[in-house]
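Those sequence lines, one after another, are chains E and D. Numbering-wise (my numbering), the first sequence opens with residue 77 and increments by one. Numbering-wise (my numbering), the second sequence opens with residue 77 and increments by one. Presented below is the structure to which this report refers.
Protein chains: 2
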Amino acid sequence: MPRTDTRWDAELVPDARGRTVRPEPDCPVEVALAAVSGRWTTLVLRELMHGPASYGELRERLPEISPKVLAERLQTLGERELVARERLLGFPVRTSYRLTPTGEALRPLLVELYRTGVELLEHRSGAAAPPRAGNR
Amino acid sequence: MPRTDTRWDAELVPDARGRTVRPEPDCPVEVALAAVSGRWTTLVLRELMHGPASYGELRERLPEISPKVLAERLQTLGERELVARERLLGFPVRTSYRLTPTGEALRPLLVELYRTGVELLEHRSGAAAPPRAGNR
DNA sequence: CAGTATCCCTGTTGATACTG
DNA sequence: CAGTATCAACAGGGATACTG
């Protein structure tokens with residue numbers, strides 16, 4: 077039930093889907109957050125942003141992830157159609173995982189997460205306002 | 077321990093802090109994610125982005141959040157110096173919460189989360205590539 | 001190789017009642 | 001008003017061993 081007694085910031089909350097009183101799974105912010113949330117998720121996405129990889133390759137690149145969690149992440153990403161699975165014939169079996177176009181759509185978000193994280197770390201360390209590439 | 081055998085995408089992983097093999101609390105992506113993660117967190121941030129508010133005002137705007145969780149969120153945000161608390165004198169007691177400049181730094185991230193969420197929802201509904209208002 | 005199946009353990013959330 | 005205290009319920013994550 078949307079509020080009508082307050083002005084909404086049009087940049088922050090452009091439409092009604094963001095004007096919720098409780099966490100709604102179909103609020104865009106929740107949708108995006110769900111896509112990248114969960115331990116190891118952003119690391120798996122990072123690896124796949126570099127190109128397709130097999131299950132075993134992912135384990136090599138992320139040696140400390142457990143098989144269970146990796147499988148779980150890949151399955152969830154698959155259900156959300158962010159990642160596509162392809163079984164390669166031959167022996168031994170290989171499976172190739174790649175980002176779908178929808179998955180690629182997460183790239184700007186990951187970049188923004190990184191940027192924001194850097195900014196928070198700078199504030200934290202008490203650095204003076206640092207120069208931002210060609211602005212300010 | 078950073079990988080050296082693969083090329084890193086400079087936009088996605090601009091420096092060594094993002095080249096981790098495991099989730100590191102001081103990786104910028106994790107820092108930013110931690111700032112907005114947790115149920116109700118983005119909603120509290122949204123409210124404070126509209127301006128300072130008291131504990132009770134926040135409860136009015138988010139009627140279903142429990143007092144415990146709201147207090148918890150405000151404390152965590154406070155520890156991270158994203159939110160500042162100010163006790164107002166008088167009776168009854170009032171406390172005003174407001175974003176710090178560091179907290180304001182989360183705004184572009186929230187905007188990007190919303191934008192990405194909308195995009196994911198569009199992909200999900202199988203809509204054709206929609207026009208993007210002359211942006212990015 | 002590419003996963004499942006178990007089991008355990010911890011952190012998170014929520015409801016509710018109470019206090020300075 | 002602005003929280004804290006308590007307790008119950010649950011989901012997420014990890015270690016390990018096993019299978020097609």
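Note that beta-carbon positions come from the ideal geometry of N, C-alpha and C, so glycine has one too. Computed from a predicted model, the values in this text were never measured in an experiment.
- With a threshold of 16 other beta carbon atoms within 10 Å, D/GLY127 falls short and is exposed.
- Within the segment 112 to 128 of chain D, contact with chain E at the beta-carbon level (separation under 8 Å) is assigned to VAL112, SER113, ARG115, TRP116, THR118, LEU119, ARG122, MET125, HIS126.
- For the options E/PHE167, E/ARG163, E/LEU158, E/ALA204, the alpha carbon positioned closest to that of D/THR192 is the one of E/LEU158.
- Residue burial is scored here from C-beta neighbours: E/THR96 has at least 16 other C-beta atoms within 10 angstroms and is therefore classed as buried.
- Think of a sphere of 7 Å around the beta carbon of E/GLU87: the chain D residues whose beta carbon falls inside it are VAL187, in chain order.
- The CB of E/GLY94 comes closer than 7 Å to the CB of TYR190 in chain D, given here in chain order.
- By the Cβ test, the segment 177 to 186 of chain D is not in contact with the segment 135 to 148 of chain D, since fewer than three Cβ pairs between them sit closer than 8 Å.
- Here D/PRO101 is exposed, its C-beta having fewer than 16 other C-beta atoms within 10 Å.
- DSSP places E/ARG163 inside the beta strand (DSSP E), whose first and last residues are 159 to 164.
- Under the three-state reduction of DSSP output, E/LEU109 falls in the helix class.
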